[in-house]
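Residue numbers (the working numbering), protein chains in the order written: chain A, 1 to 610; chain B, 1 to 385; chain C, 1 to 202.
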């Protein structure tokens with residue numbers, strides 16, 4: 001596709017129209033696409049949560065039956081992890097990383113687009129299962145996955161899960177895995193290789209650093225779940241014996257492989273949000289991040305140590321006292337680098353001039369809530385104690401505190417912080433504060449009682465519970481909390497829609513941030529930087545001469561790559577293969593594979609210059 | 001308009017339509033940013049009599065509520081599956097460990113959240129303070145707040161490891177062994193030393209070591225009776241163990257704690273801890289077959305019906321299938337259908353009448369039965385004491 | 001105004017594609033690592049069906065291993081030829097590499113067929129499932145490599161594989177050598193170091 005090589009004044013608009021979005025390879029547009037799509041899936045996952053909580057709001061309730069409930073909690077978990085939090089983080093990786101390191105785009109713009117389209121199509125593929133029942137002759141309309149987000153063998157075998165539900169899950173995850181892997185290769189290369197002159201690794205913003213570590217975790221952890229899912233697919237489709245007890249197999253193989261992926265995955269979920277908090281706090285404290293190097297190294301340590309703790313998800317399996325002791329120790333150890341970040345964040349604010357903008361409130365809220373989630377996590381690190389906590393609502397409380405009170409709050413901080421950069425308008429602060437208050441109350445109200453219902457004997461993944469347990473009250477409070485969260489999200493959506501059209505116009509640097517992305521206009525020109533700047537400080541905009549001058553207009557013509565249709569076509573080919581697997585049609589599979597091959601060749605030989 | 005470094009100017013507070021969340025921020029160097037940032041804010045507002053939200057203030061309130069609830073929880077009976085009121089040696093060991101960790105967590109919580117709260121309050125932007133000093137770090141502090149949590153973790157790790165070995169499922173030679181086999185969605189209990197088999201309700205003697213040797217006939221389940229011990233998964237193709245000595249007589253509730261399919265929530269069990277003499281009596285009764293009262297026509301009819309249909313899956317006195325629970329002494333149980341229905345005529349009638357409605361996904365088919373036949377079957381089963 | 005392909009400033013001086021490909025190889029190590037680990041964990045646990053001792057043909061597989069190793073040598077020579085602009089030998093060595101790779105696949109196809117005839121299929125037992133999945137994934141990677149090499153060969157004949165495009169061949173070479181190294185590991189772990197009890201074979 002075309003190359004353009006004329007000088008662009010900052011106010012020259014990027015190409016408009018539907019087709020330009022379909023073929024875009026601009027990291028900024030892809031970031032916006034990721035963000036918008038992720039928020040839609042977040043709301044879908046939120047509805048699933050709402051239905052779950054409406055059912056559990058009363059003991060022995062009959063609002064939602066067992067099968068539907070099992071699908072709801074499976075899809076809630078899968079959606080929130082893979083279709084909401086990860087893509088929301090990806091939105092920021094996409095938009096912000098090149099700007100923070102002084103690059104014009106990511107290393108492989110078309111691969112970037114491919115990751116996005118594969119994500120969207122994969123998410124749609126998985127959610128289509130809700131209405132695909134008739135296609136499979138099922139007795140219900142919905143054949144959504146119902147084996148839990150963790151899909152333990154051998155419940156997921158064809159013997160105990162005969163329908164297409166698990167197949168939707170397995171194939172959907174494989175698709176999303178490919179998308180994440182591709183993005184991982186892309187961002188690692190971008191961060192290693194495309195930093196502006198002077199942007200040494202230890203000058204990069206903490207957000208880019210945490211994103212960097214996250215990408216390494218992605219490219220190492222996802223192959224493991226790929227293999228686990230391949231085994232499950234083969235068992236279900238061809239009759240192999242990977243998880244077959246009768247053939248001498250071990251159901252624990254799945255658990256080990258899954259959690260070898262699954263634990264690093266939770267660091268994939270939290271590190272970007274931690275990076276956002278590390279970027280936001282200094283801006284609204286008006287002093288630099290305290291202990292930058294320690295924050296960076298602790299992120300690295302968490303990424304590495306996260307590989308050594310997986311079996312703490314398996315304490316109730318009975319691996320033996322030695323294994324339990326080892327994993328208990330490694331799990332407790334990983335609390336140290338995690339805690340260190342918290343202290344550095346508090347020290348960042350100490351002595352500062354704190355401005356409580358919405359972004360700052362969410363960042364502080366992250367800290368407050370993550371402390372609680374982290375402490376319940378330490379409780380789980382002790383196997384004997386964990387034998388009472390695991391598989392109960394106590395652990396549900398734990399991970400919602402770290403993922404919602406932590407992750408989601410951090411991501412919202414990022415939204416409020418970077419929205420003006422991305423859209424040239426500020427989000428409404430009063431609405432933002434209302435959003436925060438409602439979220440804070442809602443998340444606490446929804447999840448704090450779960451500590452109690454868990455310790456009082458309510459297991460997870462139950463569609464109903466006995467009134468005799470005495471946990472009805474706690475459940476009721478949780479349900480009310482969930483509704484408040486829904487309200488909070490509604491306020492947020494209203495804020496976004498209003499501000500996109502009527503928000504206050506943002507200058508280059510409305511927050512007075514020290515980071516490089518605020519040195520250019522809001523939103524940036526399509527080529528980001530009129531000249532690639534030379535960076536001389538970790539705080540380029542707070543330090544005299546921290547960055548070279550960036551003129552408003554490029555002094556020499558800047559090459560801006562055009563769009564390409566091959567990413568979305570290739571992604572569609574992958575989906576065809578997945579559909580073929582569902583339909584058990586080798587012919588369609590071959591067709592899809594051929595389509596993918598053709599698209600890859602066309603992509604490879606397309607004249608496209610970055 | 002606020003001058004850089006100058007005194008703030010009083011302006012009337014104006015509320016915008018979004019609500020009363022007015023916020024003021026008035027430090028010179030970010031004047032421009034502040035103006036852009038605050039929708040609806042008017043410049044120069046210096047003080048606000050308005051709701052100033054302190055997020056961290058809610059936390060102590062929640063803690064108080066929490067502590068009250070815990071206190072209420074400690075009155076025992078209203079929480080039959082509570083993990084906080086153990087009645088066995090293993091359960092008590094776990095609870096003691098949990099308490100230690102819990103109080104360490106409370107200490108850390110109070111210290112860190114207070115530090116956060118204090119920081120957030122004390123260092124609110126104030127124009128008179130001027131721009132803060134750029135402090136990039138402090139090695140001593142970093143070392144301190146790395147070592148301090150590590151030290152606390154040692155205090156948690158040591159008792160943890162000791163308790164791991166204490167609760168590893170090994171038992172003395174004189175322990176009563178019970179084979180626990182998880183099924184979708186009921187529990188099979190076999191006493192190999194006592195030549196006994198029952199389902200869903202486990203009887204054990206007080207004060208005597210018990211060892212559960214567990215596996216599954218189908219998918220992964222988890223055996224969990226919170227008041228007696230932590231949970232342990234039961235898996236096909238593998239054997240897991242739990243061992244404990246119950247110290248109080250009573251009935252303790254439990255349920256499956258590993259997602260096992262449609263009726264995971266309906267897979268419950270009860271453990272009856274009995275005085276040793278009563279346990280012996282129970283064992284005796286279970287090992288004998290209950291004679292059939294031939295005078296009761298309904299019971300006789302029910303028995304015949306059982307022998308024609310139910311026997312394919314259920315055994316009574318050693319005769320019958322092993323797909324469903326052994327029903328030799330089903331009449332002596334307090335609940336049926338793995339703890340979800342009371343074991344009385346009404347419960348049995350509901351259950352046998354429509355198992356799928358009570359337990360979604362259930363493997364037990366619904367037999368078309370005349371009301372009289374159903375009543376006869378119920379009577380027969382209730383007679384099996 | 002022309003842009004030399006790939007002549008952009010980079011922080012390390014390495015081309016983006018090379019950095020990305022090394023990352024990809026790192027990721028593939030985890031993929032094959034999981035497959036190999038599963039094979040090892042399940043070794044000797046089949047309850048029925050043929051075992052390793054009965055079926056694996058080490059002499060034959062040694063030949064195919066040698067074949068693959070030689071193909072790596074050809075790959076090295078191909079890259080050298082492209083870098084010095086030697087079109088004739090570039091095509092010869094690229095062709096040879098692809099040919100040897102195809103021969104390897106032929107050996108594998110023969111082996112798979114023979115095993116199925118002797119009663120070991122994908123679903124026969126744990127050994128069958130783990131063996132065929134592991135070596136099948138590897139074979140799939142070889143096949144992709146052969147297609148890649150043939151594509152480069154065609155490009156060469158089109159005159160589009162000049163020294164300034166040597167990076168494409170270098171990266172293909174990286175891939176090819178990686179696939180070869182993985183095979184060395186598989187050959188060692190599956191064929192040479194068999195831990196299945198020999199009694200089980202009787």
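Note that CB positions come from ideal geometry on N, CA and C, so glycine has one too.
Rounded to the nearest angstrom, the Cβ distance from residue 236 of chain B to residue 217 of chain B is 7 Å, consistent with a contact under 8 Å.
Taking 8 Å as the cut-off between beta carbons, the residues of the stretch 92-122 of chain A near chain C are 107, 108, in sequence order. In this chain, residue 250 of chain B is not harboured by any alpha helix (DSSP H); it is covered by the beta strand (DSSP E) spanning 250-255.
Going by C-alpha positions, residue 350 of chain B is about 8 Å away from residue 358 of chain B. For residue 213 of chain A, same chain residues with a beta-carbon under 7 Å away, outside a window of 5 residues either side, are 271, 299, 300, 303 in chain order. In this structure the stretch 366-377 of chain B does not lie against the stretch 75-84 of chain A, because fewer than three pairs of beta carbons, one per stretch, are closer than 8 Å. For residue 272 of chain B, no chain A residue has a Cβ inside 8 Å of its Cβ, as the nearest lies near 16 Å away.
In this structure, the alpha-carbon of residue 166 of chain A lies about 7 Å from that of residue 147 of chain A. Residue 538 of chain A is classed as buried because its beta carbon has at least 16 other beta carbons within 10 Å across all chains shown. Closer than 7 Å at the C-beta level to chain A, one finds these residues of the stretch 126-159 of chain C: 126, 129, 133. Legend: CB atoms of the stretch 47-75 of chain A lying less than 7 Å from CB atoms of chain B belong to residues 65, 66, 67, 70. When only Cα atoms are considered, residue 460 of chain A and residue 122 of chain C end up about 37 Å apart. In the structure shown, residue 222 of chain B falls within a strand segment according to DSSP collapsed to helix, strand and coil. Any Cβ of chain A closer than 8 Å to the Cβ of residue 364 of chain B would place that residue at the interface, and such an atom is absent. Looking at the backbone, the Cα of residue 101 of chain C and that of residue 573 of chain A are separated by about 27 Å. Contact note: residue 45 of chain C reaches chain A through 247, 248, 249, 250, using a C-beta cutoff of 9 Å and chain order. Linking residue 182 of chain A to residue 112 of chain A through their CA atoms gives a straight-line distance of about 7 Å. The residue from A:261, A:312, A:358, A:55 with its alpha-carbon nearest to that of residue 281 of chain A is A:358. If you draw a 10 Å sphere on the C-beta of residue 76 of chain A, you find 16 or more other C-beta atoms in it, and that means buried. Contact between residue 321 of chain A and residue 164 of chain B holds: their C-beta atoms lie close to 5 Å from each other, under 8 Å.
Rounded to the nearest whole angstrom, the C-alpha separation of residue 142 of chain A and residue 66 of chain A is 13 Å. Interface flag for residue 42 of chain C against chain A is set, since a Cβ pair is found closer than 8 Å. Using beta-carbon distances, residue 27 of chain C counts as an interface residue toward chain A, with a partner under 8 Å. When the Cα atoms are used, residue 61 of chain A and residue 255 of chain A turn out to be separated by approximately 32 Å. Under the Cβ criterion of 8 Å, residue 342 of chain B is not counted among the residues facing chain A.
Excluding sequence positions up to five before and after residue 347 of chain A, its CB lies within less than 6 Å of the CB of 290, all in the same chain and listed in chain order. Chain-order list of chain C residues neighbouring residue 239 of chain A: 123, by C-beta distance under 7 Å. Of the residues A:308, A:253, A:21, the one whose Cα lies closest to the Cα of residue 267 of chain A is A:308.
Residue 192 of chain A places its beta carbon 8 Å or farther from that of residue 38 of chain C. Rounded to the nearest whole angstrom, the CA to CA distance from residue 292 of chain A to residue 571 of chain A is 39 Å. Not a single C-beta of chain C is nearer than 8 Å to the C-beta of residue 529 of chain A. At a Cβ-Cβ threshold of 8 Å, residue 234 of chain A and residue 240 of chain A count as neighbours. Pairing residue 456 of chain A with residue 488 of chain A gives a Cβ-Cβ distance that is not under 8 Å. Across the set A:486, A:105, A:597, the C-alpha of A:105 shows the shortest separation from the C-alpha of residue 24 of chain A. Residue environment analysis places residue 214 of chain B among the buried positions, since at least 16 neighbouring C-beta atoms fall within 10 angstroms of its C-beta. Just measuring C-alpha positions, the residue of B:87, B:94, B:110 sitting nearest residue 375 of chain A is B:110.
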